[in-house]
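J.: Submitted below is the structure of interest, expressed as structure tokens.
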Amino acid sequence: MRSSSRQQMHHHSLQPLFNMDYHNFMEREGQQTNLELASEFGLSLRDVKTLKNKLNRN
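Numbering (the working numbering), first residue to last: -3 to 54.
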């Protein structure tokens, strides 16, 4: 069955951004540097910055 572009956008918006626990990330972001967060969660530094911006946490 085919899905429209609107259905695909909705499906992608429901998926987690980086497949990780956001509560754990938010607890540790104030205590650790971006490099430590990246290595802890298996992300790149760019991904950590993007995630912080998405969570409105600079």
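No residue lacks a Cβ here, since even glycine has one placed at the ideal position from N, Cα and C.
Since the structure is predicted, the reported quantities are computational estimates derived from the model, not experimental observations.
Residues in its own chain within less than 8 Å of E36 by CB, not counting five upstream and five downstream?
T.: Translated into positions along the sequence shown, residue 36 becomes position 40. R24 and Q28, listed in sequence order.
J.: Within its chain, find whatever has a CB closer than 6 Å to the CB of L41; leave out the 5 residues flanking it on each side and keep chain order.
T.: For this step, residue 41 is matched to residue 45 along the sequence shown. Contacts found: N30 and A34.
J.: Just the C-alpha distance for H19 and L51, rounded to the nearest angstrom, thanks.
T.: If you number the sequence shown from 1, residue 19 lands on position 23. If you number the sequence shown from 1, residue 51 lands on position 55. Approximately 11 Å, taken between the alpha carbons.
J.: Between D43 and S0, what straight-line distance do the alpha-carbon atoms span, to the nearest angstrom?
T.: One-based indexing of the sequence shown puts residue 43 at position 47. One-based indexing of the sequence shown puts residue 0 at position 4. Computed Cα separation, rounded: 29 Å.
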